[in-house]
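The first sequence runs 0 to 927 under numbering that gives the first Met the number 0.
Note that beta-carbon positions come from the ideal geometry of N, C-alpha and C, so glycine has one too.
Source: prediction; values computed, not measured.
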Amino acid sequence: MAFGKGCHLHLIDGSAFIFRAYHALPPLTRKSDGLPIGAVAGFCNMLQRYVEGNNGSDAPTHVAVIFDKGSHTFRNDMYDLYKANREAMPEDLRPQMPLTREATIAFNIACEEMEGFEADDIIATLAVQARDLGGRCTIISSDKDLMQLVGGGVEMLDAMKNKVIDVEGVEEKFGVGPNRVVDVQALAGDSVDNVPGAPGIGVKTAALLINEYGTLEELLDRAEEIKQPKRRQTLIDHRAQIELSKRLVQLDENTPLTFSIDDLEVREPDPDRLLSFLAEMEFRTLSKRIAEKLGAEAPVIEDVAPPAADAPEMPDLKDATYETVRDAAALQKWIDLTYEHGHVAVDTETTGLNEMIVDLVGISLCVNAGHACYIPLAHKDGSDDLFGSDAPAEGQMPLQEALDLLKPMLEDESILKIGQNMKYDAKIFHRYGVEVAPFDDTMLISYAQHAGLHNHGMDALSERYLGHTPIPIKSLLGTGKSQITFDRVPIDEATPYAAEDADITLRLWQVLKPQLHEKGVTTVYETLERPLVPVLAQMERNGVKVDRDTLSRMSNAFAQKMAGLEAEIHELAGQDFNVGSPKQLGEILFDKLELPGGKKGKTGAYSTGVDILEDLATEHELPGKVLDWRQLSKLKSTYTDALQTHINADTGRVHTSYSIVGANTGRLSSSEPNLQNIPVRSEEGRRIREAFVAEQGNVLVSLDYSQIELRILAHVAGIDALKQAFKDGQDIHAMTASEMFDVPLDEMTPDVRRKAKAINFGVIYGISGFGLARNLRIPRAEAQGFIDRYFERFPGIRTYMDETVQFAKDHGYVQTLFGRKINTPEINAKGPGAGFSKRAAINAPIQGTAADVIRRAMIQMPAAIKDLPCKMLLQVHDELIFEVPEDAVDETINVVRGIMENASDPAVKFDVPLVVDAGQGANWAEAH
DNA sequence: GACATCACG
DNA sequence: GACGTACGTGATGTCC
0 MAFGKGCHLH
10 LIDGSAFIFR
20 AYHALPPLTR
30 KSDGLPIGAV
40 AGFCNMLQRY
50 VEGNNGSDAP
60 THVAVIFDKG
70 SHTFRNDMYD
80 LYKANREAMP
90 EDLRPQMPLT
100 REATIAFNIA
110 CEEMEGFEAD
120 DIIATLAVQA
130 RDLGGRCTII
140 SSDKDLMQLV
150 GGGVEMLDAM
160 KNKVIDVEGV
170 EEKFGVGPNR
180 VVDVQALAGD
190 SVDNVPGAPG
200 IGVKTAALLI
210 NEYGTLEELL
220 DRAEEIKQPK
230 RRQTLIDHRA
240 QIELSKRLVQ
250 LDENTPLTFS
260 IDDLEVREPD
270 PDRLLSFLAE
280 MEFRTLSKRI
290 AEKLGAEAPV
300 IEDVAPPAAD
310 APEMPDLKDA
320 TYETVRDAAA
330 LQKWIDLTYE
340 HGHVAVDTET
350 TGLNEMIVDL
360 VGISLCVNAG
370 HACYIPLAHK
380 DGSDDLFGSD
390 APAEGQMPLQ
400 EALDLLKPML
410 EDESILKIGQ
420 NMKYDAKIFH
430 RYGVEVAPFD
440 DTMLISYAQH
450 AGLHNHGMDA
460 LSERYLGHTP
470 IPIKSLLGTG
480 KSQITFDRVP
490 IDEATPYAAE
500 DADITLRLWQ
510 VLKPQLHEKG
520 VTTVYETLER
530 PLVPVLAQME
540 RNGVKVDRDT
550 LSRMSNAFAQ
560 KMAGLEAEIH
570 ELAGQDFNVG
580 SPKQLGEILF
590 DKLELPGGKK
600 GKTGAYSTGV
610 DILEDLATEH
620 ELPGKVLDWR
630 QLSKLKSTYT
640 DALQTHINAD
650 TGRVHTSYSI
660 VGANTGRLSS
670 SEPNLQNIPV
680 RSEEGRRIRE
690 AFVAEQGNVL
700 VSLDYSQIEL
710 RILAHVAGID
720 ALKQAFKDGQ
730 DIHAMTASEM
740 FDVPLDEMTP
750 DVRRKAKAIN
760 FGVIYGISGF
770 GLARNLRIPR
780 AEAQGFIDRY
790 FERFPGIRTY
800 MDETVQFAKD
810 HGYVQTLFGR
820 KINTPEINAK
830 GPGAGFSKRA
840 AINAPIQGTA
850 ADVIRRAMIQ
860 MPAAIKDLPC
870 KMLLQVHDEL
880 IFEVPEDAVD
890 ETINVVRGIM
900 ENASDPAVKF
910 DVPLVVDAGQ
920 GANWAEAH
């Protein structure tokens, strides 16, 4: 059909599609060969969405995707700096450019480009032709350079916002009609394309001038008449530059086309051709969707594992023999080797696992695969003595001599030290006066790319990535009562084990480090993982002062109360039994007393959790007493008793250990002891915090993010009402309740607010009717009603949840706003686990983003407080605790709050403010 | 060592 | 239509 009246031409700005696709999607690679295809995937998705949108009465009769070709055009001949400040095309985008052309052809859409001409000129020429032939033209782009073409049947469509840009839209943007757009652009210039324009004149001023004088030429001719002296001079001085600018922005409507507009008629895609292209790209989801639309069979795409060939060639670990370094000369040789290589894997052997207490026994080094040594330093010779003698074993160099030799290398900026869990080794070295830097950590490198897939201990990594099972430590130390410490291991046994650990660490680094970049998590590793190591090490060394007497008195009080309760429970049960045994308790409750609601779990035992016992408490006196007993038992055994055993004899303080890789979402975990779950919710439990105190003359200061996860939800899901509430500092739960239940804020009741609060939290966890019903103890149907209403009022939340799950299904991971990736390997699994994976995927970006925010704050903290006398002691997910001299409290709060509230800058700009609340007191109960 | 329970955000 | 459900952790005691 010849183009003419009644015809409608669509022109798609190909480059705009590509760049949008490239930046919207993570750097995906084709699984079989690692070819980057993220932009192609996004491009195809956008094309398909475009095609699907064309079913209305306004469907196009003609369509083409127009691309740029080559970087040199006639504009460069006019002005050699044209687009000179453009950044080079990203390396992983370049190979995708030809594929986007192939994709267009596969969709059977005309694909046009011409050497020496920008896509914009081709678009301009076609748009003018279409108009002159009496037809219509829609340009699918939001590029302002194309706005000069609008009018007389030519419109633009911003595909992203699905917004039509007509003459009015152009006037809104430029303050003049489309026919004067180039005049405004000539004056205002364009920093993106490096069009100079007139210095100091922007779009606003330019439009004002053009509207006053009619055209640019008129304005320049009558520039003398301009009243403002500076503006007048600018126009007179820069006339040539302005005229050049106009020629640069003026599109060429007379491009000598090598094809005809009639060639662009809309064509049906050939299913075979399109699907085989998609299969070649290995786009599973998209080819399924398109096959469905076309009524064709989806191609089978084999799940090809990437070849393991990119792993560096390494000698077999089983064949390795390692050197034992026994004197300064041998050690110096190894130090020289590290300087030759520029890096070295380092591992320490110690007498135990608590790095605050244990002693250094030996050090191993590895400079390249298979080339490692062990330096024994404090082995004891206990071979002849059943109890072990304390005499040093033969053949070791003095510890201090070794450290003196190693220290310059370990602290040398030019030598990269590689460790597996470097926080541990760095803390050991710190105790001997050595500050290890710079370093890489294979555990963190693994975590940055594989969180959610597997754990990151050396044994697991070695088996997975090197196919080698390391020598088990138990084979040296034994187990149970007869277990010995590493200093009792004979040196000739210790060497193969210790040196192998360093060898494995170095090999893991060689395999995993390059993949950081391929997986797109280098920035995560370098800004959110590695810098945290010294910060946490310092916090752990600081520890927190815990008052033993307070805990001890509480333990005694708890023991007395428990004894009383136990007697009452036995009386009520009519027999003695172990209250701490759920099995025995279940039998008493449901078999002997025949109380209702006895449900057996998968092990066949009655469930006696807090929910069940609370329900039963209305039936009988016994369950309530058991609950009281359990609470006391928990507080005593886990807290008041156990915490005392963790008080360090030297410091009088408790030193927890934080794990950077403990939680898949990016949160830290705390252990030995866990100081992130000290009671606070119950009044009795809360009193345990009174035992956490500050040194004489100091106070504890606690600063915590207010509602950070809900704020992040409001931002990522784009919920304007929630965002506004946070900006206005409103009570977010009350506001939600008001929206949902149509209750004015000033008539809000605590019960309605409580329900809204439960829903708000439920949303963060991937809400379900069942879960909410159980939490609120209301019928399931009612809970579902609440959820439905919530989604009705905040439709963006549902969209966010659906999109997040879809993203996880497409990519196998979800992401935080800071780029942290959390893998979701089970997301496509069927069966009972499906809901679980979905909820985890919905929660992870929110919890993870909050975790990233506080990590950023913590990493900045040492520099921020270096001139203050305070110490950072603890982190509890959204809270930081400091020990501060009384007279420095206000300043500390100011500084720390500033860091915390602005921690997302400049990486992420939140639509909602982050707010930090502060408290202080002689102990943690008062500070919180 | 698995399981149930319960402490925290 | 049924399934099994709030997200993320660590420590303790019982029982096999």
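Rounded separation between residue i and residue j - CA only
i, j, result
"Glu738", "Ala755", "10 Å"
"Ile108", "Ala206", "38 Å"
"Phe106", "Asp165", "28 Å"
"Cys6", "Thr60", "6 Å"
"Gly151", "Thr137", "11 Å"
"Lys406", "Trp333", "13 Å"
"Thr549", "Lys426", "30 Å"
"His455", "Gly466", "15 Å"
"Glu802", "Leu285", "15 Å"
"Gly608", "Phe909", "41 Å"
"Ala308", "Asp12", "A caution first: Ala308 carries a pLDDT of 45, below 50, which makes its placement in the model too unreliable to give a value."
"Ile300", "Asp271", "14 Å"
"Gly3", "Ser56", "17 Å"
"Met800", "Ala197", "48 Å"
"Thr347", "Thr526", "26 Å"
"Glu539", "Ala839", "30 Å"
"Leu588", "Lys837", "37 Å"
"Ala319", "Leu364", "14 Å"
Check whether residue i and residue j have beta carbons under 8 Å apart
i, j, result
"Leu219", "Leu243", "no"
"Ala447", "Val523", "yes"
"Met553", "Ile687", "yes"
"Ile414", "Gly341", "yes"
"Met146", "Lys172", "yes"
"Asn822", "Lys808", "no"
"Val625", "Ile568", "yes"
"Gln874", "Leu702", "no"
"Pro824", "Gly451", "yes"
"Met442", "Asp500", "no"
"Asp251", "Leu215", "no"
"Asp424", "Val345", "yes"
"Lys68", "Glu112", "yes"
"Pro672", "Leu642", "yes"
With 16 other Cβ atoms within 10 Å as the buried cut-off, status of residue i
i, result
"Pro844", "buried"
"Arg680", "exposed"
"Leu507", "buried"
"Asn253", "exposed"
"Leu330", "buried"
"Ala849", "buried"
"Phe73", "exposed"
"Gln227", "exposed"
"Phe258", "exposed"
"Met77", "exposed"
"Gly41", "buried"
Sheet register partners of residue i (DSSP bridge)
i, result
"Pro391", "Lys379"
"Leu873", "Ile880"
"Gly361", "Glu348, Pro375"
"Cys110", "Val64"
"Ala917", "Leu702"
Distance cut-off 7 Å: residue i Cβ against heavy atoms of the ligand COA
i, result
"Phe793", "With respect to small molecules bound, the structure shown includes none, and the ligand COA cannot be examined in it."
Where in the stretch 405-448 do unbroken runs of the beta strand (DSSP E), each at least 3 residues long, occur, reported from the N-terminal end onward?
-> 415-418, 438-440
What are the start and end residues of each continuous beta strand (DSSP E) run of 3 or more residues lying completely inside the stretch 634-705, in chain order?
-> 656-658, 668-670, 697-704
Run through the stretch 554-602 for me and flag every whole alpha helix (DSSP H) of 4 or more residues, listed as ranges in chain order.
-> 581-585
Could you tell me which uninterrupted alpha helix (DSSP H) segments, each at least 4 residues in length, are contained entirely in the stretch 216-296, listed from first to last along the chain?
-> 228-236, 238-248, 270-280, 283-293
Would you mind listing the alpha helix (DSSP H) stretches within the stretch 796-867 that are 4+ residues and don't spill past its ends, in chain order?
-> 832-863
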